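Residue numbers (this note's numbering), protein chains in the order written: chain D, 1 to 267; chain X, 268 to 567; chain F, 568 to 912.
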């Protein structure tokens, strides 16, 4: 009611035009370009041994990193919200770090820590456990970059529901675990779910940190995003696009999940 | 206090909601220990190793590495391009937030969902697409791949959601009646925006911009292919990678530390804004779901 | 002059908020728009201010058709239920806002702002922020802000709704006194009939988007046009087709041809008034309002049988009341039929 008709339309053109150019056009183009020459080239690339391995590796990293960060996230949120501790602000700050650090820096720091000259390098080498250029390193990188999401989404929900329900449960005789499992967790489930979706999206798409830590060795330590880059560098555009479309589809699924969960969270 | 109950009130009466102990004392201590352990292993130790490495050959070596011509060139490009980008997105992001909150138009929910695309899409894919759209084979005749403009466009792509999602909740929460009151007092649309809406959005906008800046500084995947690694188009993250590939770990670490410091500064700014805004009881600028709903971190 | 609304219609989606509403507000008067939630009173007020656009109908302010004018040009002062304080500005800046955007010079603004702050008794608080004020203070500030630009009309949307009962009562009196001093045509919206009757010279009762009746408090109380108005403005008992005010229910111990039998269920003394709740033989629950003296004289007890005699009753469907008593039931002339009768002043 407070904006005139012309200014409203002006804003619409500006804003929506920008979104179209910057976001929608690229999105549409991925699909167009991939299937420009038919479905065969991209399909071949993805179903190649390297492609399938990349997919498998991506899914493995997700399967390890996401649950770990989820458990950590919920526990940490509980501690931050329900327990006063003078170092909570520090915990808070450290959790925020992955938001601001370049993934290259993350990859490098892991590389240095677990490398042959690193603090942990020799120890693991002696134990015969390969961190770098192998799955564990990649998982560590993915955990680092996706650390904050579950915590960040759970904290406000926990704050909002307050302690009354939990107190009621305790007056009815529930112990700590029962209260958590039956009262707290159900109450925060949409916030947690949202955080999990964000974490998954982040791990799926992780590129920079993993590229350094894994060495991007085809067929061994290449995740899908690394696969895309490699295909592009080898001038195999259809291959790159095929994998990209797969990732884009996963991204759209994520977007959908995000929106559905957002609505549930708000409700 | 009944024995054996869950909540043994350690906090005095009238303690703020959420401050009551939920686990018995031992449980909380154990939990804290585990959190600290997890954070140390995952985040702090690697960063410590990084800093250690950067200084391993001495402070003057650190300085030499950081002041290499290309290092400086890349840093300048990174800092300036990121600044341009957050200002542009500050503008468009606010408009979009306003449209999404205060306007009605067909397809609004789609636009709202699409805003998060840069968060959900792997940046390497974004890079690829940007090349197709605005590179050599561009259907629009725009050929900015491997130029500095490419850096700007790539960063625009990845940072847009930050601003929109930071401003949106503030707008939603904002009392529309303030705007109506201003109108009843004779203020026109632009005056209302300038004197009423904008001042109240400032904390959120500031925080969104600071976070977007931190993200832009570290962005890698989307600039890698699109802007490439030419001396004039190499951002700091690409430079660091190049140093690693040449085996110059210490140099890479040194520049990384500089980049890290810049990012930390941004986080500090966000934190200051939050503290300031809660003191002045402006609309809450929360860390967490409102500001950083899907912050994709410092690049992917 | 004053304010007129003619044939206003407004719908929100499927919901018809205003149905052919017409009212006249005399110049310089203090009028209340009274009605339950959803009656359209706020919508009407906002339409007068230009904050809602009418689907059809006109709004005239001081004789001028302002229907097409945006809010900023209508020179209306508007006060919101939740104050709508500019929270990023001090009290001084809030009150001076309208003057500032009219480009008045600093000295002028300062003079006027301090004048108004004195008027609303907020002197000394000019440098505070709204968050540092109480609800009552914020609302007074909002009023000062609205008055600063010397509006033609003052519109208040449930101005005391967000305040505590005591503060509400104080501000009521205060608003009335302010109006006596300033004589600006004022309309305020409320769902509280006591507030309306206490403050306003004229009441407009609305229900489901229509005006039921308008007039002075006395007129509405004594001569309600229909059942809705009668039960909304004041308390009412329903005996079949007839409506009787509790204080018009006489309680006697001996029956006659005009009385009905009732069982005393409960006697409550609320301060000076006594409320006697009875149930009639057909199950209808009614209550009578007595004075303490009457209660003592009758020596009523709970569980006792007593007899009720309506002194005055109204009916709205064309039949005359069954127990006329002298000349004090001229209410046959007010058989208004159903609740659709819009009443002009």
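Just so you know, even glycine gets a beta-carbon here, dropped at the ideal spot from N, CA and C.
Values in this document were obtained by computation on a predicted structure and should not be read as measured data.
Residue of the options minimising C-alpha distance to residue i
i              : options                           : result
residue 500(X) : 412(X), 430(X), 331(X) and 488(X) : 412(X)
residue 459(X) : 471(X), 446(X), 451(X) and 467(X) : 446(X)
residue 400(X) : 33(D), 41(D) and 125(D)           : 33(D)
residue 685(F) : 707(F), 814(F) and 733(F)         : 707(F)
residue 20(D)  : 374(X), 336(X), 507(X) and 294(X) : 374(X)
residue 877(F) : 786(F), 618(F), 822(F) and 674(F) : 822(F)
residue 603(F) : 808(F), 760(F) and 845(F)         : 760(F)
residue 419(X) : 438(X), 349(X) and 515(X)         : 349(X)
residue 382(X) : 48(D), 6(D), 23(D) and 11(D)      : 23(D)
residue 657(F) : 678(F), 692(F), 623(F) and 627(F) : 692(F)
residue 402(X) : 392(X), 414(X) and 391(X)         : 414(X)
residue 591(F) : 585(F), 600(F) and 704(F)         : 600(F)
residue 67(D)  : 57(D), 195(D) and 122(D)          : 195(D)
residue 506(X) : 376(X), 545(X), 367(X) and 337(X) : 337(X)
residue 55(D)  : 233(D), 204(D) and 208(D)         : 204(D)
residue 237(D) : 260(D), 40(D), 111(D) and 217(D)  : 40(D)
residue 299(X) : 87(D), 164(D), 208(D) and 13(D)   : 87(D)
residue 268(D) : 252(D), 256(D), 254(D) and 241(D) : Look at the range of chain D in this structure, 1 to 267, and you will see that residue 268(D) is not part of it.
residue 848(F) : 863(F), 860(F), 865(F) and 828(F) : 828(F)
Assigned exposure category for residue i - 16 Cβ within 10 Å defines buried
i              : result
residue 769(F) : buried
residue 654(F) : buried
residue 504(X) : buried
residue 661(F) : buried
residue 749(F) : exposed
residue 716(F) : buried
residue 673(F) : exposed
residue 436(X) : buried
residue 345(X) : buried
residue 838(F) : exposed
residue 297(X) : exposed
Assumed close pair residue i, residue j - CB separation to whole angstroms, cut-off 8 Å
i              : j              : result
residue 520(X) : residue 321(X) : 4 Å
residue 477(X) : residue 537(X) : 5 Å
residue 212(D) : residue 485(X) : With a Cβ gap of about 13 Å, residue 212(D) and residue 485(X) do not count as contacting.
residue 774(F) : residue 606(F) : 5 Å
residue 739(F) : residue 727(F) : 7 Å
residue 568(F) : residue 594(F) : 5 Å
residue 680(F) : residue 663(F) : 5 Å
residue 192(D) : residue 154(D) : 6 Å
residue 210(D) : residue 200(D) : Wrong, their Cβ atoms sit about 15 Å apart, outside the cutoff.
residue 596(F) : residue 752(F) : 6 Å
Beta-carbon contacts of residue i that lie in its chain and below 6 Å, excluding the five residues immediately before and after
i              : result
residue 198(D) : 149
residue 743(F) : 766
residue 137(D) : 131 and 213
residue 853(F) : 804 and 845
residue 533(X) : 477, 480 and 481
residue 271(D) : The first residue shown for chain D is 1 and the last is 267, placing residue 271(D) beyond what the model contains.
Nonlocal neighbours in the same chain, by C-beta distance under 8 Å from residue i, ignoring five residues either side
i              : result
residue 724(F) : 609, 612, 613, 645, 646, 647, 648, 755 and 756
residue 869(F) : 831, 832, 833 and 834
residue 182(D) : 169 and 174
residue 891(F) : Confidence is the limiting factor: at residue 891(F) the pLDDT is only 37, short of 50, which leaves the residue's position unreliable, though a coordinate-based value still follows. Answer for residue 891(F): no residue qualifies.
Contact set between residue i and chain C, taken where Cβ atoms lie within less than 8 Å
i              : result
residue 857(F) : Of the protein chains in this structure, namely D, X and F, none is chain C.
Own chain, CB closer than 7 Å to residue i, minus 5 neighbours either side, in chain order
i              : result
residue 365(X) : 438
residue 524(X) : 317, 318 and 321
| How do the region 131-148 of chain D and the region 305-315 of chain X stand: do at least 3 beta-carbon pairs fall below 8 Å, yes or no? | yes
| query | Taking one C-beta from the region 352-361 of chain X and one from the region 421-440 of chain X each time, how about it: are there three or more such pairs within less than 8 Å? | reply | yes
| field | Contact between the region 28-45 of chain D and the region 104-122 of chain D (3+ Cβ pairs under 8 Å) | value | no
| message | Three Cβ pairs or more, each shorter than 8 Å: is that satisfied between the region 665-681 of chain F and the region 436-456 of chain X? | response | yes
| So does the region 356-371 of chain X actually touch the region 7-18 of chain D, counting three or more Cβ pairs closer than 8 Å? | yes
| Meets three-Cβ-pair contact criterion under 8 Å: the region 388-398 of chain X and the region 22-29 of chain D | yes
| field | Inter-stretch contact (C-beta, 8 Å, three-pair minimum) for the region 232-252 of chain D and the region 72-91 of chain D | value | no
| field | Three CB pairs or more closer than 8 Å across the region 155-164 of chain D and the region 174-189 of chain D | value | yes
| query | Does the region 82-99 of chain D touch the region 464-475 of chain X, meaning 3 or more C-beta pairs lie closer than 8 Å? | reply | no
| field | Segment contact, 8 Å Cβ cut-off, at least three pairs: the region 615-622 of chain F with the region 633-641 of chain F | value | yes
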